[in-house]
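Engineer:
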Amino acid sequence: MADAKQKRNEQLKRWLGSETDREPPVLKKKKTKVKFDDSAVFLAACSSGDTEEVLRMLERG
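Counting from 1, one number per residue, gives the positions in the sequence shown under the UniProt record's numbering.
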């Protein structure tokens with residue numbers, strides 16, 4: 001375990017000051033959420049036999 005830690009420390013020392021280290025951080029974009037139309041969700045709930053989801057959607061209107 002100590003050998004692995006030593007190797008990791010050496011790796012980090014090599015990385016410091018490297019080209020990759022000096023590059024600005026790249027911001028990740030938010031993941032896009034998929035929103036299905038209520039009619040598609042209702043149809044899927046009906047066809048899969050998900051009675052709880054069907055009732056919940058009917059109550060919501």
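Glycine included, C-beta positions come from ideal geometry on N, C-alpha and C.
Identify the continuous alpha helix (DSSP H) that holds residue 12 and give its terminal residues.
Structural biologist: Taking the first residue of the sequence shown as position 1, residue 12 is located at position 12. Looking at the DSSP string, the run of the alpha helix (DSSP H) that includes residue 12 is 2-15.
Engineer: On a CA-only basis, which of 52, 10, 61 is nearest residue 39? Give me that one, please.
Structural biologist: Start at 1 with the first residue of the sequence shown, and residue 39 comes out as number 39. Among 52, 10, 61, the Cα nearest to that of residue 39 belongs to 61.
Engineer: So residue 55 is in the alpha helix (DSSP H); what residue range does that whole segment cover?
Structural biologist: For the purposes of this step, residue 55 is taken as residue 55 along the sequence shown, with counting starting at 1. It spans 51-60 - the alpha helix (DSSP H) in which residue 55 sits, taken as one unbroken run.
Engineer: Might you give, ordered along the chain, the residues of its own chain that have their beta carbon closer than 8 Å to the beta carbon of residue 57, omitting 5 neighbours on each side?
Structural biologist: Here residue 57 refers to the residue found at position 57 when the sequence shown is read from its first residue. Here the set comprises 38, 41, 42, 45.
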